């Protein structure tokens with residue numbers, strides 16, 4: 094059954110924090126969030142570049158990835174469905 098939820102973000106989604114996080118690429122995400130300049134309006138993660146999030150907005154009110162990585166949910170259902178469990182890396 095196909096999900097009704099689809100990621101509608103613009104840009105190269107494979108380089109967005111939510112996609113990388115869903116693949117278990119924590120170290121890569123931490124490198125993209127160590128000097129934040131924007132906040133994602135969808136998941137509220139702070140990022141270094143607008144290119145790293147689905148919906149960039151002015152920095153503020155978001156969260157450091159290191160503070161939320163253990164509880165961060167996959168926002169884009171289309172991303173979650175496209176990732177087989179065996180492809181997800183474990184820490």
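Residue numbers (this note's numbering): 94 to 184.
Glycine residues also receive a C-beta, built at the ideal position from the N, C-alpha and C atoms.
On a predicted model such as this, the values are computed, not experimentally measured, just so you know.
Run the CB neighbour count on residue 132, radius 10 Å, all protein chains shown included, and call it buried at 16 or more, exposed below.
Looking at its Cβ environment, which holds 16 or more other Cβ atoms inside 10 Å, residue 132 is buried.
Might you give, ordered along the chain, the residues of its own chain that have their beta carbon closer than 6 Å to the beta carbon of residue 108, omitting 5 neighbours on each side?
Counting only Cβ-Cβ distances below 6 Å, and skipping sequence neighbours, we find nothing.
In whole angstroms, give me the CA-to-CA distance for residue 125 and residue 142.
Roughly 8 Å between the two C-alpha positions.
Just the C-alpha distance for residue 115 and residue 122, rounded to the nearest angstrom, thanks.
Going from the Cα of residue 115 to the Cα of residue 122 covers about 10 Å.
For the beta strand (DSSP E) containing residue 133, name the first residue and the last one.
131-133 is the extent of the beta strand (DSSP E) around residue 133.
Could you give the distance in angstroms between the alpha-carbon of residue 151 and the alpha-carbon of residue 130?
Taking the straight line from one Cα to the other gives about 8 Å.
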